[in-house]
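Below is one structure, written out as structure tokens; comments come after it.
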Amino acid sequence: MTTDITRITPRAPRLPVSVLLAGLSLGFYIIIALSTGETAQLSPSGILGLFQRMVALGLVAIGQTFVILVGSIDLSVAALISAVAVLASHVMQGDPTMMLPAIVLCLGLCLMVGLINGALVAYGGINPLIATLGTGLVIQGVLAASFGMLQGAVAREFQVLAYGGLLGVPYSLVLLAALSLAAAFVLDRTLFGARIYAVGGNPDGARLAGIRTEQVILSAHVVASLFAGASGLYLAARLQSGTPWIGRDGIYDLESIAVTVIGGTILAGGKGGVAGTLAGVLLFASLDAGFNMLGIDAFLKQVLRGAIVIAAVAVHAVRTKGHVA
Amino acid sequence: MTFRTLMATTVALTFASQALAQDFNDPAEFKKQREQLAMTPQGPEGQPWAQHLGEGMVDTVKYKKDGQVTLCFSNAGVFNPWRVVGLNNLNAEADLHKDRLKELIVVDAEGKDDKQISDIEALVSGGKCDALIVSPNTTAALTPAVEAACDKLPVIVFDRGVNTSCPVTYIHPVGGYGFGITSGEFIAGKLKKGDNVLALRIMPGVDVLETRYSAAKNIFDEAGINVIGSEFTGSDRAKTKSVVEDYINRGVKIDAVWMDAGDTATAALEAFEDAGLPYPVISGEDQQDFLRKWQSDKLTAIGPSYPTYQWRTAVIAALDVLDGKQVPGPEWVLPQPAITQDVLADYVDERMPPLHYSLCGCQDLPGYPERWGGKK
Amino acid sequence: MTTAPQASALPRRPARIALNAGLVIFVVLYAAIAFIQPNYLEPGLFMNFLRRAAPLVILACGQLYVILTGGFDLSMGAVATLVVLAASILINGDPETTWAVIGALYVMGIAVGLVNGLVVAFLKVPSIIATLGAMLSVNGLALAWSGGAARGDLPENFRNLGRLVLRDVPFVGTLPLAVIVLLGFVAIAWWGLNGTVYGKRALVVGDNPRAAELAGTPVAATRILAFVVSAVSAVTAGILLGGFSGVSVNAGEGLELQAIAACVIGGAQLLGGRGSVWSAVFGALSLFALFTLLNLLGLPQALRDSIQGAILIAAVGATVWRGRRRA
Amino acid sequence: MTVEPALAMTGIRKAFPGVRALDAVDFECLPGEVHAICGENGAGKSTLMKILGGSYRPDAGEIRLAGRAVHFTHPRQAAEAGIAIIHQELSLLPHRTVAENIFMGREIAKRGMLDKAAMRDRAAGLLARVGADVDPQTLVSSLSIAVQQLVEIAKALLLDARILVMDEPTAALDERDSRTLLNLVRILRGEGVSIVYISHRMPEVTAIADRITVLKDGRRIWTRRTGEAPVGEIVRAMVGRDLKDFYPAPPSSAPGPVLLAVEEGANAYMRDIAFEVRTGEIVGVAGLEDSGKAALAQALVGDAPLTSGTVFLRGQPLALRTPRQATAAGIGYLPGDRKGEGLALRQSVRDNALLALRAIAGLFTRPEHGRLAPDAIDEKLRAMDVRAADFGQEIGTLSGGNQQKAIIARWLAQESDVLVFVEPTRGIDIAAKAAIYETMRRFADLGRGIVVVSSDMPELIGIADRIVVMHRGRMAGTVPRGAQEEDVMHLALGTSGAPEKEESP
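Protein chains in written order, with our numbering: chain Z, 1 to 325; chain P, 1001 to 1376; chain G, 2001 to 2327; chain R, 3001 to 3505.
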């Protein structure tokens, strides 16, 4: 909303937010580990453990990045994660032959939720906060009501996703890395990515440029839901069986938004990317691990985390010209 | 659109559902716990946290370790008052063993399974721990992490179990059926056939709570007592009170209130007070506020418990294991007493905060009562 | 639109439409309640309904101030929790201290509101993030202070604010003290928006902060004040909640989203520029009537969430649809 | 006619609820022709172009491109058919690069994969063609408005559009940049592109157009060759009457004492500012896009305050750090970007007019009493001749001219002594323009001081008693009433022969 016509902007080359944030997070982690004498946490397995803390939130947050970039938001991811985890464990019932059908069914559910969210936002014109809060509540309710009939556990073989690894690197990290790279590639190098930035940056302009903005918004919502689904599947593998509360207890909705914004993606859309988001996720993981090493009491931890969320966003938001609400 | 959402989701979720529901109504387990309630515990008199039911013991010589040791505790979280009291018990018990204990490392998973798994992995790979105590957030989820930890060091699990026998021992009181049996039988004994009972529960789908309800429900059904409603309160006092008010407003006579946890029992009773009705028969738990109200308003009540002293037992067990002593196992079943009219006066302690759990077994621990938020 | 004079011939009164939307939904829902259980038409039960809805209505009024200026306040539930816990710890059963402590609670609330406002106005952190951070921090603070469980007791005089019911009152029969507090708060909230220039400033700030600023409006102060009012409403609601049912660590859980939903159902527009006190009041009453109705219908608890979600979407969808038809 | 028109629209009708926006309008454009459309706001120009661009569907009528009938349901189809529209409001992505903007919606891609190198190269070529000296990798947010406009045109050229619609392309441009743009239009015409040119600036229209079509109230009045359409005729057709005295008569008396003065003013955008406005005086401020003329306006209203120097109001030093202080001191601002900075579009006409009064009033002032009463403000609105069915209706539904008048009423109500206008008539039709000039004059004659910052040179020359010309952040000189455009341009371009000591501000 800045329109000072004569603005002359001197642009000093700055480190990207993502690099800075990732550096700070790792620095924090290393300093805490050294100062508390927990040097074992700096061993490869300690560091892998740190990264492992990123997987669940990281997957959701990548999807959240897509919707925020396109100028929308998704509050239904937490409920969807629970739904997917429950559905996966229910369909598998420990039977490895049901792995594929379960995955397909889960992703089908995500596809449907994404389409509904996207349709409500893009075609229904409903404020995305309300639309996705609503669908989230619907999913949560149906899930809790039918959970009695939806017990089950994933197949042992499926848990390899969360516990197995290749040359010491967990598959889950490989998955996160691969999906991150894929997401970054999509945003940076593909037509779809370019359209997302266009629609988020200037919806009217994008429409006039011939972009079918509704389709792009819809697709972004589908991507977000699918990533939430990936996170749900990962959690199902890690937790063996899903409960209707894992998404809510993990606060994946608000936390995924927080890390995305911390990573420099602006809520208005059109600016940001996956790298920043992952750096934000790394910050949260480092805080978790660091606070553990420091033995900070759970409640105080929450106080600090709240303050850090604000501070981390303030660092780049404070330069914003104009108004923010 | 939204109607379709709902329908579609329901359909998708129930699709392929062969209704293989997890069974919270296991007659064998019900029977076993009923027997355990009647057993005489073994072990030191007057110290229920050190007692056990049944015979089994496990040998722990291979874990013996001399000198000062470090205990690590992966806590599911402190998201309710029960766990707050319990954590205080655990810390206080650790303080009793300063000569043997170098350090007690506590990490809190904030109620997140995923975080607790990472926490356990980090504790194990950190290499500082001589023994690991785990209070799992959920049973199935923590199983692989606990299994992995068992390979490296002795593990003691309490409260919720894990689906593996690898821990040295699993400490728990009699259990959910026991809780439901105690409270259900008391209410059934006070009511006539055809009387109404309102069941107030915290949330659905949680194993330790579902079993309490199923046990009580069985007993009510047997006794011909109507369960006029089973409502979830989310441990929220305002919601509890509102739910009860709604039932009162419907004009149905409520003869008894059964609760699967007592933390909002006084809120439920207030609804009767505000409506100018006599108190119903009620089953609560061992919280101070409930006990005080029971005492002052002469309620017909019972306080079954899921004792918090098991948090003490975890530390005792861990140190015994590192001493190479035999410990009860593979399950260490603690007695699960209930507070009845006869013993009520022994448990009321005006110094303690309202949601203090009286069966904490903590009166003799260092720092009592301030450590538990009580007044001197 | 190219032809302004003709188009302008259509009268447009968005404020009145908003009022009607909330009121109509409420009347319909309450009628449904009364149909299922006719004694809800008695003054006593209606008063009881109002008493229980009071915290949500008050929160919605506070939230509305922030919504008008274009923001959100996610911290109000945490503030309510803090209030309940702090009251029990500070008063600790001593009725003498009640009023002094209530004063202190308002000071605490105002401090939280100020911090929220300052962070949004000067650090330029979007309010959804700023108040999310505040929510975490305040909740953590409340729990850390109380040790994670209720401590201390609330004396009778504090409890009365949410619990006492005056009997034998002319016309209405019974009159809960909480309803008097509710009416007082709504009156003040109405006065703030309609009896001072603040309301119009808030609307303009929500609509176009830049234009407001260039015309001399103190934009930052308007924003900050909105967060303060919101926090004050949270304190008031917290006091009533504590009074109604006593101390608990989850007294305020989830109330922030309910308050936002209430405003939206009542016709206030998210991101600012549109809405009135009546959107908040009737939106909140509608939402609460919905909860009550679902309770009476005896639906599985869990499905009530679903229906709430569906209604939320439908309410906003209806507004959008109406807007499109007009355009 | 022997040549097949590149574009032929016949019998186009379009109605909105309660409004007949277009009534059987015919329009055509030959290859290599610049065809201007003139008309007041609300005449139907934008609707016609939105139909051409595929944003609206016509109720009746036919569109033929080079003889082939087309039906568009989405802007994309129009674009694919070779129609490019450069909109009045820029549709760029500030956080993306120039290349990414040029290719927005038509990225070069193979199976969904972008070919960034190819896009960079082509972007560079297009930028060179429109005469913009920028790296395709630059972020758009760092470009000036003028360059952004060129990027918009490059976007249009990308399509190899056969029909190019330019809607007020020079609205945000200063004289120099406008000339560059007009040259570009001529080049494109030479390449056989059909150009539909919409502008309120008559000199521009007559200079560039081959033919002119006038629309009024949704109907076509006439289409003529430019040579057969003198400006007076065009204006009469647009307005429906003669507009002889387009600019008000100069004041009869000399200006009074100094009202507002700046001494040694400087900030990041300008320096050495010595500026004054007297009572009864209209001071114009001219300059190129980045000359600091807008910064001067922003400084006068406290939006981008001076970092050094002093401001005096009636001889008293004045703290002027925020717009609020300016409002309180009686300095009113009418920003050039009305929608972005001037109006709260979802509030009523009345609320917008009351904005300043309410902003300055004490917090506990009762609204709807005294000066804040609806009657009081309605009177001011009527005095300004704001046309609305009901002052309670949303201001977003009014025309630009009425919106601008409502903003003037805002400052009238606040009893401001100094009014700072920026681009006061941008996007406002001719009749409303005249009314606004008239108001400015009347205000000045009532003893107020007016500052007008504008890129519209004839406007400044017509209305101002004195024009201050800015160049590179300094005041390059002042020209009196009656000066020629050339005099101003020389100062603005720094070619007036006046010694210039420093290279850059």
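All C-beta atoms, glycine included, are put in the ideal place defined by N, C-alpha and C.
Keep in mind that this is a model prediction, so the values were computed, not measured.
**Asked** How about proline 3424/R: is its C-beta nearer than 7 Å to some C-beta of chain Z?
**Response** Position 424 of the fourth sequence, counted from the first residue, corresponds to residue 3424/R. False, the Cβ-Cβ gap to chain Z never drops below 7 Å.
**Request:** Could you work out which residues of chain Z lie near threonine 2069/G, taking near to mean beta carbons separated by less than 9 Å?
**Result:** In the third sequence, residue 2069/G corresponds to position 69, counting from 1. Under the 9 Å cutoff, chain Z gives Ala325.
**Prompt:** Are at least three pairs of beta-carbons, each pair with one atom in the segment 3323-3333 of chain R and one in the segment 3288-3305 of chain R, less than 8 Å apart?
**Reply:** yes
**Prompt:** The alpha helix (DSSP H) with glycine 247/Z in it runs from where to where?
**Reply:** Locating residue 247/Z in the first sequence gives position 247, where the first residue counts as 1. Looking at the DSSP string, the run of the alpha helix (DSSP H) that includes glycine 247/Z is 246-249.
**Request:** Could you name the residues of the segment 2169-2202 of chain G whose beta carbon sits closer than 9 Å to any beta carbon of chain R, in the order they occur along the chain?
**Result:** Asn2194, Gly2195, Thr2196, Val2197, Tyr2198, Gly2199, Lys2200, Arg2201
**Item:** Complete runs of the alpha helix (DSSP H) confined to the segment 3038-3073 of chain R [at least 4 residues]
**Value:** 3045-3052
**Prompt:** Near isoleucine 2313/G, what residues of its chain come up, given a Cβ to Cβ distance below 7 Å and the 5 sequence neighbours on each side ignored?
**Reply:** Taking the third sequence and counting its residues from 1, one reaches residue 2313/G at position 313. The answer is none, since no qualifying residue turns up.
**Message:** Cβ closer than 7 Å: which chain G residues qualify as neighbours of aspartate 253/Z?
**Reply:** On the first sequence, residue 253/Z is found 253 positions in, with the first residue counted as 1. Neighbours of aspartate 253/Z on chain G: none; closest Cβ ~10 Å, over 7 Å.
**Asked** If you draw a straight line from the alpha carbon of glycine 1205/P to that of alanine 1140/P, how long is it in whole angstroms?
**Response** Along the second sequence, read from residue 1 onward, the residue named residue 1205/P stands at position 205. Along the second sequence, read from residue 1 onward, the residue named residue 1140/P stands at position 140. Distance between the alpha carbons of glycine 1205/P and alanine 1140/P is about 14 Å.
**Message:** Helix, strand or coil for glutamate 3368/R? Go by DSSP, reduced to three states.
**Reply:** The sequence position of residue 3368/R within the fourth sequence is 368, counting from 1. Three-state result, glutamate 3368/R: coil.
**Message:** Against threonine 2217/G, what residues of chain R qualify as contacts under a CB-to-CB distance less than 8 Å, listed in chain order?
**Reply:** By one-based count along the third sequence, residue 2217/G stands at place 217. Arg3324, Leu3355, Arg3358, Ala3359, listed in chain order.
**Request:** Return the chain-ordered list of same chain residues with a C-beta closer than 8 Å to the C-beta of methionine 98/Z, the five sequence neighbours on each side being excluded.
**Result:** The residue labelled residue 98/Z in the question sits at position 98 within the first sequence. Hits under 8 Å: Val91, Met92, Ala155.
**Item:** Cross-chain neighbours of aspartate 249/Z in chain P, by beta carbon under 7 Å
**Value:** Walking along the first sequence from the start, residue 249/Z turns up at place 249. Near aspartate 249/Z (Cβ distances below 7 Å), the residues of chain P are Gly1111, Lys1112.
**Request:** Can you tell me which of the three DSSP states alanine 79/Z falls into?
**Result:** Against the first sequence, residue 79/Z aligns to sequence position 79. If DSSP states are grouped into helix, strand and coil, alanine 79/Z belongs with the helices.
**Prompt:** For valine 3214/R, which of Pro3480/R, Met3113/R, Gly3039/R has the nearest alpha-carbon?
**Reply:** Residue numbering aside, residue 3214/R sits at position 214 when the fourth sequence is read from its first letter. Checking every option, the nearest Cα to that of valine 3214/R belongs to Gly3039/R.
**Message:** Any C-beta of chain Z within less than 7 Å: which residues of the segment 1300-1312 of chain P qualify?
**Reply:** none
**Prompt:** Is the CB of glutamate 1370/P under 7 Å away from at least one CB in chain Z?
**Reply:** As a working mapping, residue 1370/P is identified with position 370 in the second sequence. False, the Cβ-Cβ gap to chain Z never drops below 7 Å.
**Item:** Exposure label - glutamate 1370/P; buried when at least 16 CB within 10 Å
**Value:** Here residue 1370/P is taken as the residue at index 370 of the second sequence, counted from 1. When all chains shown are included, glutamate 1370/P counts as exposed.
**Prompt:** Are any of the Cβ atoms in chain Z nearer than 7 Å to that of methionine 2001/G?
**Reply:** Counting from one through the third sequence, the residue named residue 2001/G turns up at place 1. Reliability fails at methionine 2001/G, whose pLDDT of 34 lies under 50, so the model's placement of it is uncertain and the value that follows must be treated cautiously. So no, methionine 2001/G is outside the interface.
**Message:** If distances are taken between C-alpha atoms only, which option among Ile310/Z, Tyr171/Z, Phe299/Z, Thr135/Z comes closest to isoleucine 81/Z?
**Reply:** Here the question's residue 81/Z lines up with position 81 in the first sequence. Of Ile310/Z, Tyr171/Z, Phe299/Z, Thr135/Z, the residue nearest in Cα terms is Thr135/Z.
**Request:** Can you give me, in chain order, the residues of the segment 3203-3215 of chain R that have a beta carbon less than 9 Å from any beta carbon in chain G?
**Result:** none
**Request:** Find the residues of chain R that neighbour arginine 189/Z, judging by a C-beta separation of less than 8 Å, and give them in chain order.
**Result:** Start at 1 with the first residue of the first sequence, and residue 189/Z comes out as number 189. Neighbours of arginine 189/Z on chain R, chain order: Met3113, Leu3114, Lys3116.
**Request:** Show which residues of chain P have a CB atom less than 9 Å away from the CB atom of glutamate 2253/G.
**Result:** Along the third sequence, read from residue 1 onward, the residue named residue 2253/G stands at position 253. Those within 9 Å of glutamate 2253/G in chain P are Gly1234, Asp1236.
**Request:** Just the C-alpha distance for valine 3034/R and valine 3193/R, rounded to the nearest angstrom, thanks.
**Result:** Against the fourth sequence, residue 3034/R aligns to sequence position 34. Against the fourth sequence, residue 3193/R aligns to sequence position 193. Looking at the two C-alpha atoms, the distance is approximately 9 Å.
**Request:** Could you work out which residues of chain G lie near arginine 3366/R, taking near to mean beta carbons separated by less than 9 Å?
**Result:** Taking the first residue of the fourth sequence as 1, we reach residue 3366/R at position 366. Neighbours of arginine 3366/R on chain G, chain order: Gly2195, Thr2196, Val2197.
**Request:** Taking all protein chains shown into account, decide if glycine 232/Z is buried (16 or more other Cβ within 10 angstroms of its Cβ) or exposed.
**Result:** If you number the first sequence from 1, residue 232/Z lands on position 232. Counting Cβ neighbours within 10 Å, glycine 232/Z comes out buried, since at least 16 surround it.
**Start and end residues, alpha helix (DSSP H) containing valine 332/Z** = Coverage of chain Z is limited to positions 1 through 325, which leaves residue 332/Z absent and any answer about it impossible.
**Prompt:** What's the call for valine 2084/G, buried or exposed, on a 16-neighbour Cβ count within 10 Å?
**Reply:** Residue 2084/G sits at position 84 when you count from the first residue of the third sequence. By the neighbour-count rule (16 or more Cβ atoms within 10 Å), valine 2084/G is buried.
**Prompt:** How big is the Cα-Cα spacing for tryptophan 1372/P and threonine 1169/P?
**Reply:** Stepping through the second sequence from its first residue, residue 1372/P is reached at position 372. Stepping through the second sequence from its first residue, residue 1169/P is reached at position 169. Each residue's Cα considered, the two are about 27 Å apart.
**Asked** If we call anything under 7 Å between Cβ atoms a contact, is isoleucine 1219/P one with alanine 1188/P?
**Response** The residue labelled residue 1219/P in the question sits at position 219 within the second sequence. The residue labelled residue 1188/P in the question sits at position 188 within the second sequence. Yes, the Cβ-Cβ distance between isoleucine 1219/P and alanine 1188/P is below 7 Å.
**Any alpha helix (DSSP H) of 4 or more consecutive residues that is wholly inside the segment 3355-3405 of chain R** = 3355-3360, 3374-3383
**Request:** Give the interface partners of tyrosine 197/Z over in chain R, defined as CB-CB distance under 8 Å, in chain order.
**Result:** Position 197 of the first sequence, counting from 1, holds the residue named residue 197/Z. Leu3093, His3095, Arg3096, Glu3100, listed in chain order.
**Supposed contact pair proline 1353/P and glutamine 1288/P - C-beta distance, whole angstroms, cut 8 Å** = Within the second sequence, residue 1288/P is the residue found at index 288, counting from 1. Within the second sequence, residue 1353/P is the residue found at index 353, counting from 1. With a Cβ gap of about 7 Å, glutamine 1288/P and proline 1353/P count as contacting.
**Under 9 Å by beta carbon: chain R residues contacting valine 2204/G** = On the third sequence, residue 2204/G is found 204 positions in, with the first residue counted as 1. Within 9 Å Cβ-Cβ: Ala3344, Gln3347, Asp3351, Asn3352, Leu3355, Arg3358, Ala3359.
**Request:** Flag leucine 2312/G as yes if its beta-carbon sits less than 7 Å from any beta-carbon of chain Z, otherwise no.
**Result:** Here the question's residue 2312/G lines up with position 312 in the third sequence. Closer than 7 Å to some Cβ of chain Z, the Cβ of leucine 2312/G qualifies, so yes.
**Request:** Following the continuous alpha helix (DSSP H) through glutamate 1245/P, name the residue where it begins and the one where it ends.
**Result:** The residue given as residue 1245/P occupies position 245 in the second sequence. Element bounds for glutamate 1245/P: 1237-1249.
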